[in-house]
Amino acid sequence: MRLKSLLKSRCPHCLEGEIFLSFMTMNETCPVCGIKFERENGYFMMAVFMGYVMGTAVALPLILILYLSGASLAGYLITLIPALIVLSPVIFHYARVVWLHIDEILDPRREQESSKSL
Ligand SMILES: [Zn+2]
11 MRLKSLLKSR
21 CPHCLEGEIF
31 LSFMTMNETC
41 PVCGIKFERE
51 NGYFMMAVFM
61 GYVMGTAVAL
71 PLILILYLSG
81 ASLAGYLITL
91 IPALIVLSPV
101 IFHYARVVWL
111 HIDEILDPRR
121 EQESSKSL
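Numbering (our numbering), first residue to last: 11 to 128.
Structure, rendered in structure tokens:
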């Protein structure tokens, strides 16, 4: 259930409300349960770390393929830089969603933190 809501970018608390208003714009609060997504200033700094991990997860298979095919340095640059630029909005989006869900698992929100009851 949580994996499905993570893939659909749903709230980590109620697993129903949409986290993002559009692909790159977040809701401040969950439209269903009312929790505030950004718990404190700097809350999404860990999402930056998640973005690094996800970017590495994208780059490593490409590097392996390029290495095995004997690509030149220019081949690495021509392949990796556009791939990471094209995928950066997806990585940004899912880095925040993954961080919200990991944080909810590690430190679940109490009912007082949500303004609406479930
Ligand atoms: Zn919610």
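Beta carbons: idealized from backbone N, C-alpha and C, even for Gly.
Just so you know, these numbers come straight off a predicted model, no measurement behind them.
beta-carbon residue i near ligand 1 non-hydrogen atom, thresh 7 Å
i: GLU114; result: no
i: VAL42; result: yes
i: GLY27; result: yes
i: HIS111; result: no
i: ILE45; result: yes
i: HIS103; result: no
Beta-carbon spacing of residue i, residue j below 8 Å
i: MET55; j: HIS103; result: no
i: ALA105; j: MET64; result: yes
i: PRO41; j: HIS111; result: no
Limits of the unbroken alpha helix (DSSP H) element including residue i
i: HIS103; result: 83 to 116
i: MET56; result: 55 to 78
i: LYS14; result: 12 to 17
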